[in-house]
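Below is one structure, written out as structure tokens; comments come after it.
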Amino acid sequence: MAQKIVAGNWKMNLQFDEALSLVEGILEGNRPSDVDVMAFPTALYVHALSEKVKDEISVGVQNFSPKESGAYTGEMSISQVKSLGASIGLIGHSERRAIFSETNEDLKEKVDASIAKGFRFIFCCGEPLEIREAGTEFSYVKNQLEASLFHLSANEMMNGIIAYEPVWAIGTGKTATSSQAEEMHAEIRSWITEKYSSEVAQSVSILYGGSCNNKNAQELFACPNVDGGLIGGAALKPASFLEIINAF
Ligand code: PGA
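Quick look at the structure:
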């Protein structure tokens, strides 16, 4: 029941001409009609890319401010990015948490601003290596969700998107095994069932992220609770990204 999604998080990569050829390559490729494809370029490219892809690919932003407007130098609001064609944003990516010190409280504010503005989001969670080594990854991830996301009502959670991205797997080439991914995804779905209902839990897309690529996507996407992927490095070339889109 949950929507299948493959999303590319381009991070701070690609010059403008490279970004244009990447979307051209994706548009030319074969994409199954039941998979939602999303691209998260630098916000600078959102306008041009969203004009180009029309409704075929959702274009989103990697970051945004929960504030409406005003004296916030360097920030961009949800209304501003929406006016350029962005339909979705990432919230809580581990790089935002670790490098830019975004707290659970900051992320909750972004979640609430998104809901208020009718702006979709992918809520990212995942444990760092030391937490995995200590064996406390389930309570760590549950706390991230409880602190920033699980205050939403059942209606607001319906059709939401969560990305589980173990920090030790991001950009390291060290993917979680399909059983590690499935185990966490199943837990996340069971927490949503407990907190809301199984109807809500079945409607939420739970994506895996962290060194997911054209070699391992098929095995990961075959897991019953993995509804797709949030892809970094392997999303930067049309051929590998298209293979991932077709990996279900
Ligand atoms: P990666 O990044 O696929 O390069 O590990 C994933 C992400 O950070 O979303």
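Per the working numbering, residue 7 is the first one in the sequence shown, and the count goes up by one each step.
Ideal Cβ positions, reconstructed from N, Cα and C, are used throughout, including at glycine.
From a predicted model like this one, the values you see are computed outputs, not experimental measurements.
Exclusion of the five residues before and after PRO244 leaves LEU28, GLY31, ILE32, GLY35 as the residues of its chain whose Cβ lies within less than 7 Å of its Cβ. The shortest C-alpha to C-alpha distance from GLU81 to any of GLU193, ASN69, ALA92, ARG126 is the one to ASN69. In terms of side-chain proximity, the C-beta atom of LEU158 is found no nearer than 6 Å to any non-hydrogen atom of ligand 1. Within the same chain, and ignoring the five residues on either side of GLU162 in sequence, the residues whose Cβ sits closer than 6 Å to its Cβ are ILE121. Contact check for ILE84 against SER211 fails: the beta carbons are separated by 7 Å or more. Residue range 160 to 163 is occupied by the alpha helix (DSSP H) that includes ASN161, with no beta strand (DSSP E) assigned at that position. In this structure, the straight-line span from the alpha carbon of GLN150 to that of CYS131 is close to 7 Å. Listed as beta-bridge partners of LEU213 by DSSP are ALA169.
Within the segment 174 to 200, no beta strand (DSSP E) run of at least 3 residues lies entirely inside it. Residues VAL12, CYS218, ASN219, ASN220, ALA223, GLY235, ILE237, ALA240, ALA241 of the same chain have their beta carbon placed closer than 8 Å to that of ILE250, with the five preceding and five following residues left out of the count. Annotated as distal: VAL59 and ALA92, with beta-carbon spacing of 7 Å or more.
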